[in-house]
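Student: Protein chains in written order, with this note's numbering: chain A, 1 to 119; chain B, 1001 to 1297; chain C, 2001 to 2489; chain D, 3001 to 3226; chain E, 4001 to 4614.
Note that beta-carbon positions come from the ideal geometry of N, C-alpha and C, so glycine has one too.
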Amino acid sequence: MDFLNNYIFYIGAFGLIFIGLYILLTRKNLIKLIIGLSIVDTGVNLLIICMGYLKNGTAPIFSRKGLNPETMVDPTPQALVLTSIVIGVAVLAMALSLAIRLYQHYGTLDMRKIKEQKW
Amino acid sequence: MVTVMKILEIIVSPLVALIVGIFFLGLFRKMMARIQWRYGPPLIQPVIDLVRLFNQRGFSHGAVFDLGIILSLAGALVLVLFIPIGGMCPLANSGGLLVILYVMLFAPIGIALSGGEGANPNISIGISRKLILTLSYEVPFIFIILSLMSYYQTISIVEIVKAQAHYHWSLFSPLFLSGVAYFMILPAMLGIRPFDMASAPQEISSGIDVEYGGKYLAFSQIEHALSLFIVIALFVNLFLGGGNLPVFLLKMLAVFVCGVFIHASFPRFRIEQATKYLWFWPTIISFISLIVIQLIR
Amino acid sequence: MVNPILLIIAPLSAAFIIPLMGYGLKRIVKFIPPLVMGFNLVVSLSLAPKVIKNPIIVFLGGFPPPFGINLYVGPLGILFSCVISLVGFIVSIYALNYIKQGAEQKYHALYLLLLTGATGIVLTGDIFNLFVFYEILCISSYALVGYTGEKAGIESASKYLIQGSLGSSLILIAIALLYGKFGTLNMADMASRIDSVHTMELFFPLVLFITGMGVESAIFPLNAWLPDAHSSAPSTISAILSGIAIKIGIYALCRVIFTIFGATDILQFLMLLGLVTLLVGEFSAFSQDNIKRMLAYSSTGQIGLIVFAMGVGTQYGISGGLFQFTTHALSKSLLFLTTGYMIYRAGSMKISALEGMGKKMPLTSVAFTIGAFSLIGLPPFIGFPSKFMIVYSVLARQSGLYIVFLALVLAGTVIEGAYFFKVIQAIYFKGERKDDRAKEAPLSALIPVIILVLLIIGIGIYPKVLTSILDSSAAELLDRIGYIKEALK
Amino acid sequence: MRKIFSLIILIILALGVYICISEIPFGKPGTAVGNYYIEKGIEETGAVNIVTSIVLNYRGFDTLGEVTILFLASLGLGAILATVQNKTRGVITPPSLILTTACRFLFPFILMFGAYIFLHGHLTPGGGFQGGAIIASGFLLRYLGCPQKRIRQSSFVAIESLGGIAFIIIGLLGFTAGGFFLFNFLPKGVANTLLSAGIIPLIYIAIGLKVGAEMAGIIDTLIEES
Amino acid sequence: MLIQSILIIAFGGAFLTYILGKASSALRDFLAVLISVSLTVLIFLAYGKTGEIAFASFMNLPLVLRINHLSWFFAIAIQTVTTLSVIFSLSYMKGKERVDFYYLMMLLCNSAMLGIVLSGDFVSFYIFWEIMSWSAFLLISYNRGGALYAGMKYIVMSIIGSMCMLIGIMSLYSTYGTLNIREIHDLISTASGEYLLFISILFLAAFGVKSALWPIHVWLPPAHSEAPSPFSAVLSSILIKMGIYGFVLILYVISGAALYLGLGGGSFRYILTLLAAITIIIPTFNALMQDDAKRLLAWSSIAQIGYIILGISIGTSLGLIGGLFHFFNHVAFKALLFLAVGAIEYRTGTRDLNSLGGLIKKMPVTFIAVLAGTFGLIGIPLTNGFVSKWLIYKTLILNNHPFLAFAALVGTWGTILYSYKLIHNIFLGQLPENLEHTKPAPASMKLPFIILSVVIVLFGILPGIPLKLINLITASLGFDLLNINIWGIASESGPLNIINIFAAFAVALIVVWFFFLISGKKVVISQDNSYAAGIDVPKGKYHYTVDFYNPMFRMIKPYFRDYMDEFYSQLVKALASLSDRVRRLYCGDLGVYVIYIVLFLSILVISKIGLNLW
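(1) At a Cβ cut of 9 Å, what residues of the region 1106–1118 of chain B count as close to chain E, listed as they run along the chain?
(2) Got a sec: is the Cβ-Cβ distance from serine 63 of chain A to anything in chain C below 8 Å?
(3) Leaving out the 5 sequence neighbours to the left and right, which residues in its chain are closer than 8 Å to isoleucine 4254 of chain E when beta-carbon positions are compared?
(4) Using a C-beta to C-beta distance shorter than 8 Å, which residues of chain C count as neighbours of valine 3017 of chain D?
(5) Just confirm the distance between the C-beta atoms of leucine 16 of chain A and leucine 46 of chain A, as a whole number of angstroms; I'd bet it's less than 8 Å.
(6) Helix, strand or coil for glutamate 4052 of chain E, going by three-state DSSP, please let me know.
(7) What three-state label does DSSP hand threonine 1275 of chain B in the structure shown?
(8) Using only the alpha-carbon positions, how far apart do asparagine 1237 of chain B and glutamine 1164 of chain B sit?
(9) Taking Cβ-Cβ distances shorter than 9 Å, what residues in chain D pair up with glutamate 2201 of chain C?
(10) Helix, strand or coil, according to DSSP, for proline 1042 of chain B in the structure here?
(11) How far does the alpha helix (DSSP H) with proline 3108 of chain D in it reach, from first residue to last?
(12) Rank E/Tyr4252, E/Ser4158, E/Lys4241 and E/Tyr4245 by C-alpha distance to the C-alpha of leucine 3983 of chain E and give the top, closest one.
(13) Which stretch, first to last residue, makes up the beta strand (DSSP E) that contains serine 1060 of chain B?
(14) Mind checking if isoleucine 2456 of chain C is an interface residue toward chain A, Cβ cutoff 8 Å exclusive?
(15) Let me check one thing: in DSSP terms, what residues is glycine 4488 of chain E bridge-paired to?
(16) With a CB to CB cut of under 6 Å and the five nearest residues on each side skipped, what residues in its chain are close to glycine 2088 of chain C?
(17) Tell me the rounded alpha-carbon separation between methionine 4242 of chain E and isoleucine 4321 of chain E.
(18) Can you find the residues in the same chain that come closer than 6 Å, C-beta to C-beta, to glutamate 2282 of chain C, ignoring five residues on each side of it along the sequence?
(19) Leaving out five residues before and five after phenylalanine 2182 of chain C in sequence, what residues of the same chain have Cβ atoms less than 6 Å from its Cβ?
(20) Let me know the secondary structure DSSP gives leucine 2071 of chain C once reduced to three states.
(21) Apart from the five residues just before and just after isoleucine 1070 of chain B, which ones in its own chain have a Cβ nearer than 8 Å to its Cβ?
(22) What residues in its chain sit with their C-beta under 6 Å from that of tyrosine 3204 of chain D, if we drop five residues either side in the sequence?
(23) Which class does leucine 4063 of chain E belong to by DSSP, given the choice of helix, strand or coil?
(24) Taking the continuous beta strand (DSSP E) assigned at phenylalanine 2059 of chain C, which residues delimit it?
(25) Could you check whether the Cβ of leucine 2086 of chain C sits closer than 7 Å to any heavy atom belonging to the ligand ADP?
(26) In angstroms, rounded to a whole number, what distance separates the CA positions of arginine 2255 of chain C and leucine 4571 of chain E?
(27) For the beta strand (DSSP E) that contains lysine 4522 of chain E, what are its first and last residues?
(28) For the region 3053–3072 of chain D, enumerate the residues whose C-beta is nearer than 8 Å to any C-beta of chain C, in chain order.
(29) Since leucine 4417 of chain E and leucine 4359 of chain E should fall inside the 8 Å C-beta cutoff, what is the C-beta to C-beta distance between them, to a whole number of angstroms?
(30) Measuring only the C-alpha atoms, how far is leucine 4065 of chain E from alanine 4054 of chain E?
(31) Just the Cα atoms here: how many angstroms apart are arginine 101 of chain A and serine 3155 of chain D?
(32) What would DSSP say about aspartate 4562 of chain E, mapped onto helix, strand or coil?
(33) Hey, alanine 2143 of chain C and isoleucine 3080 of chain D: beta-carbon distance below 8 Å or not?
(34) What residues match up with methionine 72 of chain A in a beta bridge as DSSP calls it?
(35) Pick helix, strand or coil for phenylalanine 4058 of chain E, following the three-state DSSP scheme.
(36) Going by beta carbon distance, what residues of the same chain come within less than 6 Å of glycine 3208 of chain D, once the five residues before and after it are set aside?
Set out below in structure tokens:
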């Protein structure tokens, strides 16, 4: 129980990552693969946030006087995760655009059938 | 004095070889006739033939046709100078057995060149057979020569003869097997049956001699006589201990008579059969001999 | 003194400006990349002598590390940045006439961004910043591979994207774990806190880094995207991807392994990895009949060689690896550029279609030959001194196992020689070309090719121009303490 | 088969993860760097939102890269999707009047909200990216609500580029003023007021506009395709 | 300064020729000849000079040029043959395509070879070596068709060889910190036996490939037969001799005779001599079976290389002298033969032995050249080949290597057979009808023939001239000086005295000639007027040279295939199929690729956690 208490977020984050990886490993539809990739991304973002977690912490914003800096969570991961999300969005957009074009060319998104480029 | 002797030797030894060789040719025909229950030509018949041939008109096919026959005869003559004939050996210290091996090449190469220009199919076949046969008997022959040279630790034939005079004939030494092998290839070197396929008269109209007439044929006969002499003389020198001139000639005669008997009693091999034979028993025996020599040394 | 930040800012701002150029200025868009890369080249070269003596540390935003991001402009960074801008410059000249299809304007912007990403990676001193530039590099590669919209390009790009993004995610996980462990993102700071990698919890991020960066640097089992992408992209992009992009992956890998982790115990494994990559690459290229695919597989092989040399882990070995990097950047881009116009003229990528090109396109063919010779490592071309160094460094370790490795590496070289000579024979000594369509490449394509040829021969004959920067680069990689001291001064 | 195999691989990975994670304390007190930001953040950057101060000042270079990536995405998207020859758009059923009107009504408010978010990035949670995303959602709403109406792509492109250039120019101004790229050269002002934190609001405005335009452009391109 | 200028002229001249060729072909031809001739003169002037000079540096290693008797000996051979080949090329290459390229590569290859023998350290040695390799490759492939395969074989094998050499060189460098040949020689006596063996085996592979030692000879026959004939001459007579130079370098200059003989307890020498013996026998019989004149000569080259290596590797003074002299002789007669066959190909358009014949009347000078060449090849007394072979045999016999001597002697008899086949099938026998209008070889081809024929006979009668120089070389390698006079060698265990043989021959020839003249008349008749046991010999219908040694072939053909060649082809096939397998790793399925990535990660994890591999 203590373990769960301590590690629940990690488990969540890595759970997402592994679900994403599982999708990537077993699915064949490109859209599903992209979804898997997004899930991995989400998991990673969660993981980054976890790294700065502080029990009973507050947001690192001095919006009013009297906030205790001691209880503020680490702000760096939050800044990182912002970047990471944006990168995720960019990759997603690229992936989707490629998927659109791929569908136009092949009429399918089944990646086991799309293998003209091989050997 | 020494120089005079030397020059004398140089003049005498080819003459001896020539006389003995031509005598052997006559003897050969006479003996064959007797073996076949014929009377046969007189012993002097080859000389008569030669004189006649020299006076006849010969046909030439071109420069190399002439050159080749001259080269082969010259080669045979030079070779005689390298071979000790009962103590005479004019060119004893000019390279020894190795040079002999090489000078032995002249005669066949000259004949071959000359015949090649003739453009007669029989000649081509004859030359091809002759060369193949040469390659075939050279294999055991080289083993034999090597056995000798490594046994006596010299490449000089004169030294070998001397060594035999000191101890005993090579034939009755550890070189015994080599001697046997040499004897087995002797008919091939002499070009007599069962190895006369290069000049088979019935098949290919005497092969390489077919285009020769007049002096060409005469030269060819002389060359033949000389090579007969050389091969037997080599055997006598290398295995039967040489000796002074009369002894030497007697030994040669003995070997020659053996050769005639072989000639008389065997039919002709085909060239493949000859090669197979020569590369089998003589080669194995001479090879074993070489190994034996290596082991006892 | 020029601030090294310009190396990143110049192409970046140029990329931002390009879309602004309306219809009137569209014609001059293609001249921007050569200009910017030329500028970068000049800046890098002018920085080089100073940097060899003392690395330049640039604080961004005025905050010292580990609080702000810093650029660590050491010899290694400058070496890479020189090569990047050089190859970028040459390829962009080539592109002046070559790029005619697709969204031309966007091509140039993407191209500049790719080089920005590459330069950023090699100059930054912050692991997360490295990741950001790494993503710039990757995403622009995806876009450039697929930008023509052709079937092959799109397929390759989407496969590349999935694999590349997976790799990036792994890197990000590793960064997160490291941050969780040490609470810092600065590489020097991180390095100063890592005492050794023997502890289990540190090894996992290392493994993630190797895998993640291995995807971009095309180490064997992770390089499946490479032949597709390199062969279906336009030749200029193939040249840049092959000459620059994958090497940047190697750079990142080396930074992580040598500088951050100081993981000397993984080097032998790295060597093995390089060896396998080399052999697989060369073998795959051996029976290829598509010239660009063949070159792509050959790139894999060369990457293997570089990784192998890095794995030797001595000063000389790393210098050799970096030299090989330079060699490969120059030679492989030369090969891709020359084949670019040959393919264009022949209308096919089959090697058999290039037969008889030696007569129709003499200069291009000679250049191709020289590039191939150089890659095989024949003197007097640039490939020879690099191979020389690698072989020497391996033998200097005086170990039987290493000699076996070396023998296998050289066997790979032999295979490489075999297929390159096959192509050379096809170009020169096979078939007759009757069609008049095949003629010499235009001047804008010949100039870069000639520059590359001159460089290849020049450095091959006089490799000393590179040795000092190579040696100090290798020293920078090996001297962790020095790096930490300089960066956190 | 493939599934079982994948599971085995993932279990092995999970083992590695477990070993690694078990050493990283969870919910521990902040790191040295983080604490430094919290303590010195307001003083050095003037932004009360420490995250913003990190995003735009301490790690401003990251953000430049981030902006570049978005720019890259829209460029790449355009490049890949631009070359389609026959853009056959499906038959569009005109939406009902109520929907159109509501969209038109909401649109300015959404824009305003987005602007608010990025303007107050240094004071409250939020910032340029968030604001930009909200602005883009406004455009998305318009595309959904009134599909016939299109906005010229070139205006998006112009805003994108100008936003990026503005960011760089601000950075370079900092370079000329303080010797460091992205140096916060403007007066910090009084914390917790709108006009504080030096260059941060300016950059956030640039980013906000740029991200809004980029996301809207991406949405526009994708809609055009489908 | 002289050495540098030689190399500068050589390399610069090569490129200048190419550039000039773009302007005018006559000027280019002139320049090519001028450069070769002036190089010959320059090298000739360098006779007797010894010295070492550092001219540049490469990766902090000084590049050293060095000249001594050994270098000079090889250099003059190289340059003479190249010069003659270039002169020969003037008419041979007329009207062919890419002549500029041809001259460039020819001269480049020549310069590289000069560089090899003049280099005093291993870096420059290797650099020149590789330049030689690739320039030769480009020329071998020049003829298209089958030449492509030949070139491929050549370059792949030579790269394998040079990779071995690279390992060897770098190993020396890493051990001794220098690559200067002289310094290594001083240091190497401290090396352990195993290390020395390792190095020697590596160099053996490198030089063995280039000089076509038996198991690694397979590149040579196709390469020699497919290259343009003047270059075949260069290839056969000098390029493969660079391997010989390498052997001398590594066995005697670097290691020294004492160290070499003790290598691996003497087994290294044993294996090397054994390989050399095999190299004599097998290629000789292979040569017998060829119907392509150049291919026959190519196999013959391998066999002669066997003699040279045998002489060199036996480790005695006499053997080394014999080997080096045979090298020189082989340069002369093999260049001559290849050029002559080139001339025949030039005039008749074929080199197929079965469709030639009777050309003696049409091309008499060429015939004499071939005759001289083959006589030298066989080693007929009074040609240079005889002396060198005699030396080799003698040292073999007197040092108790009867089996090696056997190989050498049998090889000679095989040589007779194929040499005669060459002469007979080209020049003797019937003249085919389609060759009746064959013109004699042009003057620019005759010049090399005459020069080389004179060399063969001159050095056959006066072997002392080159032997004195070779004796100096061996003396500089630490052997005793032999008692050499102009006619031969004096020694207790069987001297060689050419004057006796020469005199005897001269007298015998004159005597026989005299008899020939005075005896009966002769009538010259046409070739077709011949006797065939009463059957007409139809003209032009039969060609009696086809399958000349057929009876023998029937016997030996099943056993005398080129097993090594087949082995290597199988190997290449296996490699190709392996490469096809490897290629299939990239199967095109994205899912598999993703599995690769994740699998790689988990393997890394397992190897650390489970196995603790690193």
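Tutor: If we stick to the structure as given:
(1) Phe1106, Pro1108, Ile1109, Ala1112, Leu1113, Gly1115, Gly1116, Glu1117 and Gly1118
(2) no
(3) Ile4181, Ile4184, His4185 and Ile4188
(4) Phe2204
(5) 6 Å
(6) strand
(7) helix
(8) 9 Å
(9) Ile3019, Cys3020, Ile3021, Ser3022, Glu3023 and Ile3024
(10) coil
(11) 3097–3119
(12) The requested residue 3983 of chain E is not part of the displayed model; chain E covers only 4001 to 4614.
(13) 1058–1060
(14) no
(15) E/Asn4485 and E/Asn4497
(16) Met2037 and Leu2115
(17) 17 Å
(18) Gly2301, Gly2412, Ile2415 and Glu2416
(19) Met2190 and Arg2193
(20) strand
(21) Gly1110 and Phe1219
(22) Phe3118, Gly3121, Gly3127 and Gly3128
(23) strand
(24) 2056–2059
(25) For the structure depicted, the ligand ADP is absent and the ligand set is empty, with no information on it obtainable.
(26) 41 Å
(27) 4522–4524
(28) Asn3057, Tyr3058, Arg3059, Gly3060, Phe3061, Asp3062, Leu3064, Gly3065, Glu3066, Thr3068, Ile3069, Phe3071 and Leu3072
(29) The pair is not a contact, with the Cβ atoms about 20 Å apart (cut-off 8 Å).
(30) 6 Å
(31) 25 Å
(32) coil
(33) yes
(34) A/Thr58
(35) strand
(36) Phe3118, Gly3128, Gly3131 and Gly3132
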